[in-house]
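Novice: Could you have a look at this structure, given as structure tokens, before my questions?
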Amino acid sequence: MFSTANAVATHSHTPDMTEAEDSAAVVALPPPAVTLVAPSEEVPVRPLARITEVARNLAATILPTLAVLVALLTLWQFACSDPGSSLPGPYKIWVESHDVIMHPLKGVTFHGLLPSVEDGDVGIAVHILTSLKRVAIGFGLAAFCGIALGVLIGQSRLAYRALDPLFQVLRTVPPLAWLPISLAVFQQAQPSAIFLIFITAIWPVVLNTAAGVQAIPPTYRNVGKVLALNPLQFFAKIMLPATVPHMFTGLRIGVGMSWLAIVAAEMVQGGTGIGFFIWDSYNSSLLTDTIVALVWIGLVGFALDRIVGWIGRRVARQA
Amino acid sequence: MKQRSYLALEGISVTFPTPKGPFTALRDIDLSIEKGEFVALIGHSGCGKSTLLNVIAGLTKASRGVVFLDGEVIDRPGPDRAVIFQDHSLLPWLTVEENVRLAVDQTLKGSRAERKDWVRHNLELVHMGHALAKRPAELSGGMKQRVGIARAIAMSPRVLLMDEPFGALDALTRASLQDAVMEIQAKLQNTVVMITHDVDEAVLLADRVVMMTNGPAATIGEDLRIAMPRPRNRIDVAETHDYTHARAEVLHFLHQRFSNPVDQAA
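Which chain is which? The protein sequence lines are A and B, in order.
The first sequence lines up with residues 2 to 320 when you count with the numbering used here.
The second sequence lines up with residues 89 to 354 when you count with the numbering used here.
Put into structure tokens, the structure is as follows:
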């Protein structure tokens, strides 16, 4: 603003350079006057400026992703445009799976706000919801038991020595390897799928919680001792708030892993869920449906990760 | 039988097990502190001052010897011996008020309103009444330590233990906190044990300066009474004979009789 005003002043002054030096001093005065007026003029402009600013930031973050997406889709379309191609291109997916894409809530009727689901052929969102329900139960159990076990091995050196090697071995077992055991023990699809999620998600929760408890600064422990807090008070007032960031790191990894596990579990045991949907569409040679399901899985997994991360930040700020 | 002092350390030795065998940090420490006395413990780093304070706090167990407080044996930490830690140890997720509140809830029975008033009263004492809703991260080092002091005195402890409370602060902040401590001490007449390695701080604040020999197996080397009248003003006091004499005596102990073990090794 100032430099513009200055430039204008100099510019208007250029024609009569022959004038005496003292007039230059007079001409030099206007710029401050302009800057004094400027703020009052700028205030009403600001909201608009902020909106453009936000829009620009948004564009800066979204546009590159969008560009890559368009480029990839185009490349894909060209590579798979041959009618005999084994992988369908984006356009073919849009045409053949139109029903799956556009009617995710098929088979659901709303009575007011209460949905009721019909049996049989249902939309992809219903499968996703079924899977999410399983994840909620399995992951909820894993979070509860994982935090309890993590506190135990973080707090007690004996428990750490006894259990840590065991956990380190168990956590490397892939989810699918648990499936035969899980099926043999529970006999039914629902509980064994939940167990699979539980056993997959619990390890990062346990290990991160334990690391968090071990990382509590000794001075905080001393404060607890000097105040003679009982174990329950110590847990609530010092250990929990001090460990929350570690805990949520574990929970975030855990929720991602349980989403990986659910698909694997449901693929093998039929019935409902997004994993079943994939397996079913593959068996019916509807590869385009499978690809739509992949996109859904990716987006839901991303959302789960963000939600847990967001809750973690909220809790850490509260605690 | 001789009357036991309010706080009495009798034959305290502390030995830590190490991979190279037992390490004796403190040996045969006898110290008697009367009620309302302000005692400064001074010595080179590594001489076991903090260990001795932790023994009184109950955070470290003595290998031999007993600590009596008002005739009772001390064997565990408790809110009757409040500690002001060097790093203030405020819980970062609590506000200033909540930090003090946590301590008050543990020590003061009474209605919610009474406890709340007591928290505020103690924060006023350290001139931090304006920062009730702030979190420790928003405060300067000196202000954090003021809150640390408020938390300790709000517990109405029988003994106030200070572990190098101003060691991490710059000289000017330190001076203002020393003044705050003297002001509070004049009102409350606490029994205080303060660890320091600052000679001026020890002489200015304390009724007695207890000097410790170098470790390992450190013990009490000298016990100097500072007879200067109170209230003490740091500027007026600095020119008195009592002050310069006491200061010289402590300096002599620390730098001639028991000079820094690191310097000796060099």
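Cβ coordinates follow ideal geometry from the N, Cα and C atoms, glycine included.
(1) At what residues does the alpha helix (DSSP H) containing Ala150 of chain B begin and finish?
(2) Could you confirm whether any beta carbon from chain B is found closer than 8 Å to the beta carbon of Pro242 of chain A?
(3) For a contact meaning CB atoms closer than 8 Å, what does Ile239 of chain A contact in chain B?
(4) Does Leu230 of chain A have its Cβ less than 8 Å from a Cβ in chain B?
(5) Per DSSP, Met300 of chain B forms a beta bridge with which residues?
(6) In chain order, what are the residue ranges of uninterrupted beta strand (DSSP E) at least 3 long that sit wholly in the region 100-172 of chain B?
(7) Can you look up Thr36 of chain A in the DSSP assignment and give me helix, strand or coil?
(8) Compute the beta-carbon to beta-carbon distance between Ala143 of chain A and Gly255 of chain A, rounded to the nearest angstrom, for a pair I have assumed lies under 8 Å.
(9) Classify Asp251 of chain B as helix, strand or coil using the three-state DSSP reduction.
(10) Compute the distance between the beta-carbons of His128 of chain A and Phe277 of chain A, then report whether it is under 8 Å.
(11) With a threshold of 6 Å on Cβ separation, who are the neighbours of Ala212 of chain A within its own chain once the five nearest residues in sequence on each side are excluded?
(12) Please compile the residues from chain B whose C-beta is within a distance smaller than 8 Å of the C-beta of Thr220 of chain A.
(13) What is the DSSP secondary structure of Met282 of chain B, counted as helix, strand or coil?
(14) Could you name the residues of the same chain whose beta carbon sits closer than 7 Å to that of Gly229 of chain B, not counting the 5 residues immediately before and after it, in chain order?
(15) Taking only the alpha-carbon atoms, compute the straight-line gap between Gly85 of chain A and Phe79 of chain A and give it to the nearest angstrom.
(16) Have a look at B:Met316, B:Ala238, B:Ala225 and B:Glu186 and flag the residue whose alpha-carbon is nearest the alpha-carbon of Phe126 of chain B.
(17) Please identify, using Cβ separations under 7 Å, the residues of the region 136-158 of chain A that lie next to chain B, in order along the chain.
(18) Is it buried or exposed, His329 of chain B, if we count other Cβ atoms within 10 angstroms and call 16 or more buried?
(19) Name the two residues that bound the continuous alpha helix (DSSP H) containing Ser264 of chain B.
(20) Which first and last residues belong to the alpha helix (DSSP H) in which Met231 of chain B is found?
(21) What are the complete alpha helix (DSSP H) segments, minimum 4 residues, inside the region 215-294 of chain A?
(22) In whole angstroms, what is the alpha-carbon distance linking Leu305 of chain A and Phe199 of chain A?
(23) Tell me where the alpha helix (DSSP H) around His329 of chain B begins and ends.
(24) Would you say Ala290 of chain B and Met243 of chain B are within 8 Å of each other, going by their C-beta atoms?
(25) Do Gln194 of chain B and Ala229 of chain A count as a contact pair if the criterion is CB distance below 8 Å?
(26) Can you give me, in chain order, the residues of the region 190-221 of chain B that have a beta carbon less than 7 Å from any beta carbon in chain A?
(27) Based on Cα-Cα distance, which residue from A:Pro232, A:Ala262, A:Leu241 and A:Leu233 lies nearest to Pro180 of chain B?
(28) Within the 8 Å Cβ cut-off, does Val224 of chain A reach chain B?
(29) Strictly below 8 Å CB to CB, what residues from chain A border Leu147 of chain B?
(30) Between the beta-carbon of Gly236 of chain B and the beta-carbon of Phe173 of chain B, is there less than 8 Å?
(31) Three Cβ pairs or more, each shorter than 8 Å: is that satisfied between the region 99-108 of chain B and the region 136-154 of chain B?
(32) Tell me Arg313 of chain B's beta-bridge partners as DSSP assigns them.
(33) Quick check on the burial criterion: 16 or more other C-beta atoms within 10 angstroms. Buried or exposed for Val69 of chain A?
(34) Could you tell me the alpha carbon to alpha carbon distance between Ile203 of chain A and Lys238 of chain A, rounded to whole angstroms?
(35) Which chain A residues sit within Cβ distance under 7 Å of Pro105 of chain B?
(36) So which of B:Lys222, B:Leu140, B:Lys123 and B:Gly146 has the shortest CA-CA distance to Lys226 of chain A?
Specialist: Taking the geometry as given:
(1) No alpha helix (DSSP H) holds Ala150 of chain B; DSSP gives it neither H nor E.
(2) Against chain B, the CB of Pro242 of chain A has a partner CB under 8 Å away; the residue lies at that interface.
(3) Listed along the chain, the chain B residues whose CB falls inside 8 Å of the CB of Ile239 of chain A are Leu179.
(4) Yes - at least one Cβ of chain B is within 8 Å of the one on Leu230 of chain A.
(5) The partner list for Met300 of chain B (beta bridge, DSSP) reads B:Ile308.
(6) Runs found: 111-121, 126-130, 152-157 and 169-172.
(7) At Thr36 of chain A the pLDDT is 42, less than 50, meaning the model places this residue with poor confidence and gives no usable figure here.
(8) Rounded, the Cβ-Cβ distance is 6 Å, consistent with contact.
(9) The answer is strand: DSSP assigns Asp251 of chain B an E or B state.
(10) With a cutoff of 8 Å on beta-carbon distance, His128 of chain A and Phe277 of chain A are scored as near each other.
(11) Hits under 6 Å: His247.
(12) Correct list: Phe173, Asp175 and Ser177.
(13) In the structure shown, Met282 of chain B falls within a strand segment according to DSSP collapsed to helix, strand and coil.
(14) For Gly229 of chain B, where only same-chain residues beyond five positions count, the Cβ hits under 7 Å are Ala256, Leu257 and Thr261.
(15) Those two C-alpha atoms are separated by around 13 Å.
(16) Measuring from the Cα of Phe126 of chain B, the nearest candidate turns out to be B:Met316.
(17) None of the residues of the region 136-158 of chain A has a beta carbon lying less than 7 Å from any beta carbon of chain B.
(18) By the neighbour-count rule (16 or more Cβ atoms within 10 Å), His329 of chain B is not buried but exposed.
(19) Where Ser264 of chain B is concerned, the enclosing alpha helix (DSSP H) stretches over Ala259 to Leu276.
(20) Note, Met231 of chain B: alpha helix (DSSP H), Gly229 to Ala242.
(21) Complete alpha helix (DSSP H) runs here, min 4: 219-227, 232-235, 241-269 and 275-284.
(22) Those two C-alpha atoms are separated by around 16 Å.
(23) Residues His329 to His340.
(24) Ala290 of chain B places its beta carbon 8 Å or farther from that of Met243 of chain B.
(25) Yes, Cβ-Cβ distance for Ala229 of chain A and Gln194 of chain B is below 8 Å.
(26) Answer set for the region 190-221 of chain B: Leu190, Ala191 and Gln194.
(27) Closest by alpha carbon: A:Leu241.
(28) So, interface residue.
(29) Ordered by position in chain A, the residues that pass the 8 Å Cβ test against Leu147 of chain B are Asn223, Lys226 and Val227.
(30) Yes; because the gap between Cβ atoms is below 8 Å, this pair is in contact.
(31) Cβ pair count under 8 Å is three or more, so yes.
(32) The bridge partners DSSP lists for Arg313 of chain B are B:Arg296.
(33) By the neighbour-count rule (16 or more Cβ atoms within 10 Å), Val69 of chain A is not buried but exposed.
(34) Roughly 24 Å separates the two Cα atoms.
(35) Contacts between Pro105 of chain B and chain A, judged by CB atoms closer than 7 Å, are missing: the closest CB pair is about 15 Å apart.
(36) In terms of Cα proximity to Lys226 of chain A, the closest of B:Lys222, B:Leu140, B:Lys123 and B:Gly146 is B:Gly146.
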